[in-house]
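One structure is given here, and the rest of the page talks about it.
Protein chains: 2
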Amino acid sequence: MRNNPYTALETRFRRYSALSGAGAVLGWDQETMMPPGGAEARAEQMAVLDVLQHELLSDPAVEEELVEAEAAATALEPWQRANLREMRRVHTNETVAPAALVDARSRATSACVNAWREARKADDFSAVSDKLARVLELTREYGQIKAEKLGCGLYDALIDSYEPGGTMARIDPIFATLKAELPGLIDKILTAQAAGPRALEPEGPFPSERQKALGEKVMAALGFDFTHGRLDESAHPFTGGIPEDIRITTRYDEADFTRALMGVIHETGHALYEHGLPAEWRGQPVGSSRGMVMHESQSLLMEMQACRSPAFYRFLAPLAAEILGASGPALSPENLNRLGHRVSRGLIRVDADEVTYPLHVMLRYDLEKALLADDLKVKDLPGAWHEGMRNSLGVAPKDDRDGCLQDIHWYHGSFGYFPTYTLGALAAAQLYRAAKDALPELDSRIAGGDFAPLLSWLGENVHRKASSRLTNEILSEATGAELGADPFLAHLCERYL
Amino acid sequence: MRNNPYTALETRFRRYSALSGAGAVLGWDQETMMPPGGAEARAEQMAVLDVLQHELLSDPAVEEELVEAEAAATALEPWQRANLREMRRVHTNETVAPAALVDARSRATSACVNAWREARKADDFSAVSDKLARVLELTREYGQIKAEKLGCGLYDALIDSYEPGGTMARIDPIFATLKAELPGLIDKILTAQAAGPRALEPEGPFPSERQKALGEKVMAALGFDFTHGRLDESAHPFTGGIPEDIRITTRYDEADFTRALMGVIHETGHALYEHGLPAEWRGQPVGSSRGMVMHESQSLLMEMQACRSPAFYRFLAPLAAEILGASGPALSPENLNRLGHRVSRGLIRVDADEVTYPLHVMLRYDLEKALLADDLKVKDLPGAWHEGMRNSLGVAPKDDRDGCLQDIHWYHGSFGYFPTYTLGALAAAQLYRAAKDALPELDSRIAGGDFAPLLSWLGENVHRKASSRLTNEILSEATGAELGADPFLAHLCERYL
Numbered sequence: 001m002r003n004n005p006y007t008a009l010e011t012r013f014r015r016y017s018a019l020s021g022a023g024a025v026l027g028w029d030q031e032t033m034m035p036p037g038g039a040e041a042r043a044e045q046m047a048v049l050d051v052l053q054h055e056l057l058s059d060p061a062v063e064e065e066l067v068e069a070e071a072a073a074t075a076l077e078p079w080q081r082a083n084l085r086e087m088r089r090v091h092t093n094e095t096v097a098p099a100a101l102v103d104a105r106s107r108a109t110s111a112c113v114n115a116w117r118e119a120r121k122a123d124d125f126s127a128v129s130d131k132l133a134r135v136l137e138l139t140r141e142y143g144q145i146k147a148e149k150l151g152c153g154l155y156d157a158l159i160d161s162y163e164p165g166g167t168m169a170r171i172d173p174i175f176a177t178l179k180a181e182l183p184g185l186i187d188k189i190l191t192a193q194a195a196g197p198r199a200l201e202p203e204g205p206f207p208s209e210r211q212k213a214l215g216e217k218v219m220a221a222l223g224f225d226f227t228h229g230r231l232d233e234s235a236h237p238f239t240g241g242i243p244e245d246i247r248i249t250t251r252y253d254e255a256d257f258t259r260a261l262m263g264v265i266h267e268t269g270h271a272l273y274e275h276g277l278p279a280e281w282r283g284q285p286v287g288s289s290r291g292m293v294m295h296e297s298q299s300l301l302m303e304m305q306a307c308r309s310p311a312f313y314r315f316l317a318p319l320a321a322e323i324l325g326a327s328g329p330a331l332s333p334e335n336l337n338r339l340g341h342r343v344s345r346g347l348i349r350v351d352a353d354e355v356t357y358p359l360h361v362m363l364r365y366d367l368e369k370a371l372l373a374d375d376l377k378v379k380d381l382p383g384a385w386h387e388g389m390r391n392s393l394g395v396a397p398k399d400d401r402d403g404c405l406q407d408i409h410w411y412h413g414s415f416g417y418f419p420t421y422t423l424g425a426l427a428a429a430q431l432y433r434a435a436k437d438a439l440p441e442l443d444s445r446i447a448g449g450d451f452a453p454l455l456s457w458l459g460e461n462v463h464r465k466a467s468s469r470l471t472n473e474i475l476s477e478a479t480g481a482e483l484g485a486d487p488f489l490a491h492l493c494e495r496y497l
Numbered sequence: 498m499r500n501n502p503y504t505a506l507e508t509r510f511r512r513y514s515a516l517s518g519a520g521a522v523l524g525w526d527q528e529t530m531m532p533p534g535g536a537e538a539r540a541e542q543m544a545v546l547d548v549l550q551h552e553l554l555s556d557p558a559v560e561e562e563l564v565e566a567e568a569a570a571t572a573l574e575p576w577q578r579a580n581l582r583e584m585r586r587v588h589t590n591e592t593v594a595p596a597a598l599v600d601a602r603s604r605a606t607s608a609c610v611n612a613w614r615e616a617r618k619a620d621d622f623s624a625v626s627d628k629l630a631r632v633l634e635l636t637r638e639y640g641q642i643k644a645e646k647l648g649c650g651l652y653d654a655l656i657d658s659y660e661p662g663g664t665m666a667r668i669d670p671i672f673a674t675l676k677a678e679l680p681g682l683i684d685k686i687l688t689a690q691a692a693g694p695r696a697l698e699p700e701g702p703f704p705s706e707r708q709k710a711l712g713e714k715v716m717a718a719l720g721f722d723f724t725h726g727r728l729d730e731s732a733h734p735f736t737g738g739i740p741e742d743i744r745i746t747t748r749y750d751e752a753d754f755t756r757a758l759m760g761v762i763h764e765t766g767h768a769l770y771e772h773g774l775p776a777e778w779r780g781q782p783v784g785s786s787r788g789m790v791m792h793e794s795q796s797l798l799m800e801m802q803a804c805r806s807p808a809f810y811r812f813l814a815p816l817a818a819e820i821l822g823a824s825g826p827a828l829s830p831e832n833l834n835r836l837g838h839r840v841s842r843g844l845i846r847v848d849a850d851e852v853t854y855p856l857h858v859m860l861r862y863d864l865e866k867a868l869l870a871d872d873l874k875v876k877d878l879p880g881a882w883h884e885g886m887r888n889s890l891g892v893a894p895k896d897d898r899d900g901c902l903q904d905i906h907w908y909h910g911s912f913g914y915f916p917t918y919t920l921g922a923l924a925a926a927q928l929y930r931a932a933k934d935a936l937p938e939l940d941s942r943i944a945g946g947d948f949a950p951l952l953s954w955l956g957e958n959v960h961r962k963a964s965s966r967l968t969n970e971i972l973s974e975a976t977g978a979e980l981g982a983d984p985f986l987a988h989l990c991e992r993y994l
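Protein chains in written order, with my numbering: chain A, 1 to 497; chain B, 498 to 994.
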């Protein structure tokens, strides 16, 4: 008797997931534990895992099984139908581009990222511009193939890799609202801030081990389960591993404990999402996190909404004083709150506060659409960046290092990624608003270090839905509306004015 | 045009090696970093890698390519011919048993190891004896299939998995010499030891971080390259990772720094061998370490020959005093030497000194041969163990926990493994004798902390030969003789009498 095609697909995707989990642990090790001399062998191990994953899905049997299973989909349970839809999506992403293009892209981005590191150090955009042009060209080629397959536009096809269902048609009006509202809001906030008391800088040094102890204490309060994960150090903080074994990282600045702490809280938000994915769908596409918007919403909900709140600083202040062995007015809840709410017009996206951050993102969104449409030439990027910064933030970089060389994304071929940061911030505000409405005691619980009600609400309304629905469907069910800018703008007004 | 079959095999084995390297890093992580909740997912990841490795080699194309390449072997370079021979060996080991037997063995050993852990805790052999009998039965079945394929005896077929070329016909006369000589030698050594000064115990505690610093200092002196490896902690010390990225582990006893240190030196010996394998053969079977005898010879050469020597203790004493922040007569070179050379008739193999260790091994060798030949029933094992200890070491355990439940090997299905420990010790003595003859200044170099000449000699005579020759061929080229007991016995007489 022939195997049920849907069941065969489940088996195959479980293997696919185990390989990708193995790669995730190896990737974590690479950034945290691996000695430098292991790099070449590690790259080969990971490349072999990639090839095997690709071979698993590019086997012609998979397309046949998908078609058969789709034809008989009505006989499936609802979650299996959703799983089948996600299988199709993963399969498309894995197989849509011819092998030669995948290979050329992989080589071009790898060369471009290496050149970018040097170019950034030397503040010399011309040293990487040709390689970026090549990456852009291959990304466009890839996007066109995918757009044809999905029946959508080029840019939408690229967004789809990071945010299924994310389209320019949905993003543009939301960003238009932000563009209209933010500049005036920022003016008001800066005026109010200048009139208020200055935040005091806590006086370090704060030894890394103590910062780590504080971070782990806060992680535990947020609900992080250390039997299923750990906290380590890396040059660039990230959340890695797999849902049952989550590896988050941070880096410590001994002069300023708040940076690592807020970073740890951010990654913990990602981690709680992964760990909260439904165990019964493990290893299946439907059991994966929804996309970058939902993922970023979970990290920003913890970092920006729950933990930059006056309630959280009331919980944090005595804990920080005790674990860091510090005292004084700089560690008062009021001052920590003031420190966490400083707003400024800066040059660097990753250092930006939540109010100005969307302006950084929208500049990149406009520029990458123009690059892809060939309305902007790579050689003209530094000038366009300068002008864009001047127009939107009112400040402009003196060099390209603090300009168009600051982010790795484009050099790495990640076009269509940037908007997910801001869409995630909006989703965070919208979800948090709904959580507060559902949990009237939320603030006092947080002030007491009790995040259980929040985590339970997120588990039910976001985490356990995994990829069974699209982002906007999850948001609609949880908040009564599709993604919009209003809750975010209301949050800024409430917090800063 | 059809691919050259030998070249196709090289490509396939490179992928096989990358998968096994990925598994090695995941295995290291499991013992050192992984939170307990990751166990189930990790087991699945590693099982999938195993299956993929098996699928790579059980593909019928491999047998065809091997046959074709073997028919045209005269056209190959000598190292490629050796590689082809090793490919055949790996292929045989991977494919000789039918899948159902492999699966049954894997499940039976896994159940038996779990039962053994409990039985050992409870000192209740009867709680595991049925499971051990099942493992023994399946191991016999596996050994018989392999013996038929290789045209050898059952026990030789099992040894072959750990030590290619190791046979009872070679081992028996060597062990007969040890059995004849060791008991009298031990009597003499214990008499001499009782007449000499007592070793003083250094007074701790010695904090783990300082022990780690001392271990890393000694590793560096031995030639360990920290850009290609690291030292961590685990419940059971081991050497893991891959040649370019070696992960060694230890565990610290704060009351006694010598245990962890000697353990670190032992693992460093393994690590130097792996790292010294020829880079130009990476990823190919010929480029792997030769087998367990040669591997154990490299760890024991460092630990027992080079680093339990008076010369090494002259180097170690001031270093240990400085790094551990300790002083006094217990840390004098003479006292460290005395501590390192204590001999006693004990019950536990892993705690045994180098003089009595072979008696522990030979007991297990005799018992496992008898079990496999069905001359000894599993239910009679505790009694046979007791009697064997009484006869060979003159001491017998009061319970099975310190008797036949002390080692994991049989419960794990590893029959034929034990002799490699003692053969490794003999090889270490034989190689070290040859190194000393070739390097007349070796002792004074070691006393100065300079291991470069020794490492260079080992590199040329052992490490860079990898699997291009059999153990006895490597020993003959390096020492002028096949493996024997005389250099080891001479070493014991010289050191202890």
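Note that beta-carbon positions come from the ideal geometry of N, C-alpha and C, so glycine has one too.
Secondary structure at R779(B), three-state DSSP: helix, strand or coil?
Here residue 779(B) refers to the residue found at position 282 when the second sequence is read from its first residue. It is coil, neither helix nor strand.
Which word fits R887(B), buried or exposed, when buried means at least 16 other C-beta atoms lie within 10 angstroms of its C-beta?
To locate residue 887(B), count along the second sequence from 1; it is residue 390. Label assigned to R887(B): exposed.
Completely contained alpha helix (DSSP H) runs for the region 818-888 of chain B, where each covers 4 or more residues
List check, alpha helix (DSSP H) in window: 830-837, 854-869.
Excluding the five sequence neighbours on either side, which residues of its own chain have a C-beta within less than 8 Å of the C-beta of L272(A), listed in chain order?
Position 272 of the first sequence holds residue 272(A). Correct list, in chain order: L222, G223, F224, Q298, M302, L455, L458, H463.
Measure the C-alpha to C-alpha separation of A568(B) and Y503(B) and round it to an integer number of angstroms.
Locating residue 568(B) in the second sequence gives position 71, where the first residue counts as 1. Locating residue 503(B) in the second sequence gives position 6, where the first residue counts as 1. The straight-line gap from Cα to Cα measures roughly 11 Å.
Which residues of chain B have a Cβ atom closer than 7 Å to the Cβ of V25(A), listed in chain order?
Here residue 25(A) corresponds to residue number 25 of the first sequence, with the count starting at 1. The contacting residues are L523, D526.
Tell me whether V847(B) is buried or exposed, calling it buried when 16 or more other Cβ atoms sit within 10 Å of its Cβ.
Within the second sequence, the letter at position 350 stands for residue 847(B). Result: exposed.
Check the Cβ of F723(B) against every Cβ in chain A and list those closer than 7 Å, keeping chain order.
Looking up residue 723(B) in the second sequence gives position 226. Here the neighbours are P35.
Which residues of chain B have a Cβ atom closer than 7 Å to the Cβ of I242(A), listed in chain order?
Here residue 242(A) corresponds to residue number 242 of the first sequence, with the count starting at 1. The answer, in chain order, is A538.
Round the Cβ separation of S288(A) and S468(A) to the nearest angstrom and send it over; I've been treating them as touching at under 8 Å.
Within the first sequence, residue 288(A) is the residue found at index 288, counting from 1. Within the first sequence, residue 468(A) is the residue found at index 468, counting from 1. Incorrect: roughly 10 Å between the Cβ atoms, too far for contact.
At 7 Å on the CB atoms, spell out the chain B contacts of A22(A), in chain order.
Within the first sequence, the letter at position 22 stands for residue 22(A). Under the 7 Å cutoff, chain B gives A519, L523, Q542, L546.
Let me know if K895(B) comes out buried or exposed under the rule of 16 or more other beta-carbons within 10 Å of its beta-carbon.
On the second sequence, residue 895(B) is found 398 positions in, with the first residue counted as 1. Label assigned to K895(B): exposed.
Nearest to G204(A) by CA position, among K149(A), Y417(A), F257(A), is which residue?
To locate residue 204(A), count along the first sequence from 1; it is residue 204. Among K149(A), Y417(A), F257(A), the Cα nearest to that of G204(A) belongs to F257(A).
Segment limits, alpha helix (DSSP H) that includes I446(A)
On the first sequence, position 446 is the one that residue 446(A) refers to. I446(A) -> alpha helix (DSSP H) spans 442-447.
Sequence-distant residues of the same chain with beta carbon closer than 8 Å to L57(A), five excluded per side
Within the first sequence, the letter at position 57 stands for residue 57(A). If we look at L57(A) and ignore the five residues flanking it on each side, its Cβ neighbours are R12, Y16, V90, H91, E94, T95.
Taking a contact to mean a Cβ-Cβ separation below 8 Å, would you say Q708(B) touches Y749(B) in this structure?
Indexing the second sequence from 1 puts residue 708(B) at position 211. Indexing the second sequence from 1 puts residue 749(B) at position 252. For Q708(B) and Y749(B), yes; Cβs fall inside 8 Å.
Please report the Cβ distance between Y639(B) and A594(B), rounded to the nearest whole angstrom; I am assuming they are in contact, meaning their Cβ atoms lie under 8 Å.
Translated into positions along the second sequence, residue 639(B) becomes position 142. Translated into positions along the second sequence, residue 594(B) becomes position 97. With a Cβ gap of about 5 Å, Y639(B) and A594(B) count as contacting.
Identify the contact partners of R15(A) in chain B, using a Cβ-Cβ distance below 7 Å as the criterion.
Taking the first sequence and counting its residues from 1, one reaches residue 15(A) at position 15. Those are V545, listed as they occur along chain B.
As a quick exercise: from A519(B), D729(B), P557(B), M801(B), pick the residue whose alpha carbon is nearest that of Q30(A).
Taking the first residue of the first sequence as position 1, residue 30(A) is located at position 30. It is A519(B).
Inspect the CB distances between the region 915-933 of chain B and the region 538-550 of chain B and report whether three or more fall short of 8 Å.
no
Got a sec? Which residues, its chain only, sit under 6 Å from D353(A) by beta carbon, not counting five neighbours each side?
On the first sequence, position 353 is the one that residue 353(A) refers to. Taken in chain order, the residues that qualify are V343.
Throw me the rounded Cβ distance for the M995(B) and E660(B) pair, which I believe falls under 8 Å.
Outside the displayed range of chain B (498 to 994) lies residue 995(B), so it cannot be described from this structure.
Beta carbon proximity, A75(A) to chain B, threshold 8 Å:
For the purposes of this step, residue 75(A) is taken as residue 75 along the first sequence, with counting starting at 1. Output row for A75(A): interface = no.
Where D245(A) meets chain B, residues with beta-carbon distance less than 8 Å:
Here residue 245(A) is taken as the residue at index 245 of the first sequence, counted from 1. In chain order: M531, P532, G534, G535, A538, R539.
Give the residues of chain B in contact with R210(A), contact being defined as C-beta atoms less than 9 Å apart.
Looking up residue 210(A) in the first sequence gives position 210. Going along chain B, no residue has its Cβ under 9 Å from R210(A), so there is no contact; the nearest lies around 16 Å.
Does the Cβ of H236(A) have 16 or more other Cβ atoms within 10 Å, making it buried, or fewer, making it exposed?
Reading the first sequence from its first residue, position 236 is the one you call residue 236(A). With fewer than 16 other Cβ atoms within 10 Å, it is exposed.
Residues in its own chain within less than 6 Å of P294(A) by CB, not counting five upstream and five downstream?
Residue mapping note: residue 294(A) aligns to position 294 of the first sequence, counting from 1. One point to set straight first is that residue 294(A) is Met, not Pro, in the sequence displayed. Excluding sequence neighbours, M294(A) sits near T471.
Looking at the structure shown, is L967(B) part of a helix, part of a strand, or coil, going by DSSP?
Taking the first residue of the second sequence as 1, we reach residue 967(B) at position 470. Correct three-state label for L967(B): coil.
Going by DSSP in three states, R631(B) sits in which element: helix, strand or coil?
The count along the second sequence starts at 1 and reaches residue 631(B) at position 134. Reduced to three states, the DSSP call for R631(B) is helix.
Beta-carbon separation of A119(A) and L376(A) under 8 Å?
As a working mapping, residue 119(A) is identified with position 119 in the first sequence. As a working mapping, residue 376(A) is identified with position 376 in the first sequence. No. Outside cutoff.
For G738(B), the three-state DSSP class (helix, strand or coil)
Sequence index remark: in the second sequence, residue 738(B) carries index 241 (1-based). In this structure, G738(B) counts as strand in the three-state DSSP scheme.
Check whether the region 367-375 of chain A and the region 412-421 of chain A touch, using three or more Cβ-Cβ pairs below 8 Å as the test.
yes
Give every residue of the same chain whose Cβ lies closer than 6 Å to the Cβ of P310(A), excluding the five residues on either side of it in the sequence, and list them in chain order.
Looking up residue 310(A) in the first sequence gives position 310. Closer than 6 Å at Cβ, skipping near neighbours: N337.
If you drop the 5 nearest sequence neighbours on each side, which residues of the same chain put their C-beta closer than 6 Å to that of F175(A)?
Against the first sequence, residue 175(A) aligns to sequence position 175. Hits under 6 Å: M362.
Might you give, ordered along the chain, the residues of its own chain that have their beta carbon closer than 6 Å to the beta carbon of G891(B), omitting 5 neighbours on each side?
Position 394 of the second sequence, counted from the first residue, corresponds to residue 891(B). Correct list, in chain order: R842.
Selection of the region 386-412 of chain A by Cβ proximity to chain B, strictly under 9 Å:
none
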